[in-house]
Each structure stands twice: as structure tokens, then as C-alpha cells.
Amino acid sequence: MDMSAGDFLSLIYLLKSPADQINLKGILVSGNGWSDIATIDIIYDVLHMMGRDDILVGLGGTNALGAPILGCKYVKAIPKGSGGLLDSDTLFGLGRLLPRSPRRYTAEKSTELRQPLAFEVWQSIASKLDPDEKILILANGPLTNIANIILLDKRASSVTESIYIVGGNIKDEENKEGNVFTIPSNRYAEFNFFLDPLAAKTDIFLGEILGAVYLVEGSKLSHEVLVKSIRVLSNNNISEDGQIIIDNDHGKLVKVITDIEKEAYYTNFANLLNSKRQSAVIASFDEQKKLWSNPSEFYLL
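For the sequence shown, the residue numbers in our numbering are 64 to 364.
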């Protein structure tokens, strides 16, 4: 996740999903999307609010695969928000509304104090799997973290059940345009793929391109799943990078969700968010302050 506002809604949605359907074990944060890496603090606060301090959070990269740490040309395509900051920098205002988690982002180099890295969180989760268990990955942002896992862990494919990727605009005979509006010359790419096209090209070798909503409510939604042979462009050309094209000769077969019933999707999403089951343990920052002022009333999550 790159922790845009929509990603926080998705996180709360997953936390409220029935535990027998979604057993959330870890969150890997990308710093090369619509927010900077310090939004990890808000993730911690959301998890604390929902009573899920047990979920691991991993620090991912701040640049695209193979790109320099400073001056990544893909990240530069993210438009600035209020005051010249990234849009999600304004999410720090949530810190005055959400309960404050005891876990915080830190840049300390000590292994005991520093923020766990994305690959370390992956290793921790993968090492504790039972023989018959596998990991299902939902990618809501750039695919950098997943690509690094594939490249660094030879066992990744054997312990991964599926990869659900939110993003991608397939350039086919319909020629529907993408959403990289800050690069007018790149008409057909979508931001999650454009922000790290080499990572997207790597990930395609493992998984499927499926909608995020399909993860929880797929069986309840009217939709069609098509198998297509696709290829992701990554040619160091910002006018083409991140585009997905049909390539029946050299492409990889993936499943693509189309024609999802939008009204049913929004209804299911709203109903689950409104459900009283698995609701917040601590409702607000004000409630958190009361707990601080009355330590004897504080309870463990």
C-alpha cells in the first residue's frame, strides 16, 4: 500500500471483514506513491484503534526498482497537494482524531528500535506458515515491495497463493486511456504500474490482476473474469512505461476482472464499514486522552 486516503478506507474495510475470510498478518508500505513513508504512524494508529497491534507493518522502498534513491522520475509524476506537499501529507491531521498507538515510525539504525523493513515482515510471516498454508497478497499501490520479495526470496512463489493487483489499464482495441494525467504523453498507463513499471513487469510473472473488491466480496458480485496474455512496458521511456499491452506471442496469461456490478460493490462496501461487528476498540483521540489521564482504566489490546 502507498497509503493514500483510499488505502486507509481499504485497510479499515479489511479489518472489519470476518476473521474467517481475511486473516490480516502484515502491511507493507510503499514510499514511492501518493504519500511519504512516515504515514506509517497513521497505520499504527488505525490498527491500535481497531485493537490489532499484533499486525506487522513493514517499511518499503521510496523509489522505483532500479531507480536512484533521489530523483526517481516516476515519483516526480505524483502531483503536489496543499502547500506543495504530497496529498497524503495532509493525512497527518488524522493524528488529532485517531487514538495514538504505542508503535511509532523511527529511523533509528538499531535493529531493536528501527522500523521493520518490508522484506523482514515478509520473512517473519512466511517462516511461521503451516505446511498447508499460503499467503494471499493484495497490492493497492506500486508493486515495488512485491517485486523485491520475488527477487530476494526464492521460496516466494511456493508460499504465495495469489496476488490481487489493484491497478493497470490494458491497452487493447478499445484504447481506453489511463490516469497518469501529469504525463500527457503517456495516455494509456495507470499510476500504480507507472510508478514502478519494472516491478510491475516482475510481478506479472507470478500472479493475477484482480480487483481488490473481489478479495472479500467476489462471490456476491456480478462480474466477468477474462484470461488475457499481457506484457508490461518498462523501456525507460516515461511516455510508454507502465502501459499494459496485449501480447499473444510473448505475454503472460493473467486473469482480468471486468464488468463488476458497481452498485452492488458500493453497497457491500458501505454495509461492512457500517457493521457493528469488529468495530473500533478505542473510538477517538479524545477517548485515548481519557485513558492516559486515568491509567487504572487502561486496558491491553
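Where a beta carbon is used, it is the ideal one built from N, C-alpha and C, also for glycine. In this text, all values refer to a predicted model and were calculated from it rather than measured experimentally.
Using a Cβ-Cβ cut-off of 8 Å (strictly less than) and excluding sequence neighbours within five positions of Gly129, which residues of its own chain qualify?
Closer than 8 Å at Cβ, skipping near neighbours: Leu261.
Taking all protein chains shown into account, decide if Tyr329 is buried (16 or more other Cβ within 10 angstroms of its Cβ) or exposed.
That one is exposed.
Tell me which residue opens and which closes the beta strand (DSSP E) that Ile293 is part of.
Counting along the chain, the beta strand (DSSP E) containing Ile293 begins and ends at Glu287 to Val295.
Residue environment, Ala82, which counts as buried when at least 16 other CB atoms sit within 10 Å
By the neighbour-count definition (other C-beta atoms within 10 Å, threshold 16), Ala82 is an exposed residue.
Gln186 versus Asn249: straight-line alpha-carbon distance, rounded:
The alpha-carbon of Gln186 is positioned some 36 Å away from that of Asn249.
Once DSSP output is grouped into helix, strand and coil, what is the label at Ser190?
Ser190: helix per DSSP, three-state reduction.
Three-way DSSP call (helix, strand, coil) for Glu171 in this model:
Three-state DSSP puts Glu171 in coil, outside helix and strand.
Might you give, ordered along the chain, the residues of its own chain that have their beta carbon closer than 7 Å to the beta carbon of Ser80, omitting 5 neighbours on each side?
The residues are Val279 and Leu335.
Suppose contacts are defined by Cβ-Cβ distances below 9 Å. Is Lys197 in contact with Thr169 by that definition?
Taking 9 Å as the cut-off, the beta carbon of Lys197 is found no closer than this to the beta carbon of Thr169.
Indicate whether the contact test is met: 3 or more Cβ pairs, each with one atom in the segment 280-294 and one in the segment 207-222, closer than 8 Å.
Here the segment 280-294 does not lie against the segment 207-222, with fewer than 3 beta-carbon pairs under 8 Å apart.
Suppose the cutoff is 8 Å on Cβ atoms and the five residues either side in sequence are ignored; what does the same chain contact list for Thr321 look like?
Excluding its 5 nearest sequence neighbours in each direction, Thr321 has C-beta neighbours in its own chain below 8 Å: His286, Glu287, Val288 and Leu289, listed in chain order.
Does DSSP put Ala346 in a helix, a strand or coil?
The DSSP-derived three-state label of Ala346 is coil.
Through-space distance from Tyr227 to Leu199, alpha-carbon basis:
Distance between the alpha carbons of Leu199 and Tyr227: 8 Å.
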